[in-house]
């Protein structure tokens, strides 16, 4: 049986002293370390959140600038294409004009050659026909 005497009170006082000593020596420093750790972790989470926000902003800015550069490149490409088409058109027009002039010159030359050949042949035909008539009739006409 439990007897209530002085040793019980001493044990209770020892127990309370031990709890107080453990609390002061062990539990408070551990709790303090846990509180500090929790604070640091929260601080790191805030920093990580800020960094993630900055990364998202930078990524969006990168995408925006990339799209802007693509659009600018396409505009420049189209402008260069248009300039190339205009240059091609002017070159082709110049070549066509030169070809038309050369063809007209060649046609004129051919017409002159044909006309001169026709006149020459006409003279030769007259000579040959006069010669044939002379041979057939036996006299000159």
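Numbering (the numbering used here), first residue to last: -1 to 139. For each residue, glycine too, the CB sits at the ideal point set by N, CA and C.
Going straight from the alpha carbon of residue 118 to that of residue 85, what length do you get? 48 Å
In three-state terms, what does DSSP make of residue 103? helix
Extent of the continuous alpha helix (DSSP H) run through residue 23: Segment: none, residue 23 is in no alpha helix (DSSP H) and carries neither H nor E.
Please report the straight-line C-alpha distance between residue 136 and residue 120, rounded to a whole angstrom. For residue 136 and residue 120, the distance between alpha carbons rounds to 23 Å.
Expressed to the nearest angstrom, what Euclidean distance is found between the alpha-carbon atoms of residue 93 and residue 104? 16 Å
In whole angstroms, give me the CA-to-CA distance for residue 113 and residue 122. 14 Å
Near residue 23, which residues of its chain fall below 7 Å by C-beta distance, leaving aside the five closest residues on each side in sequence? none
Do you know offhand how far residue 1's Cα is from residue 18's? 26 Å
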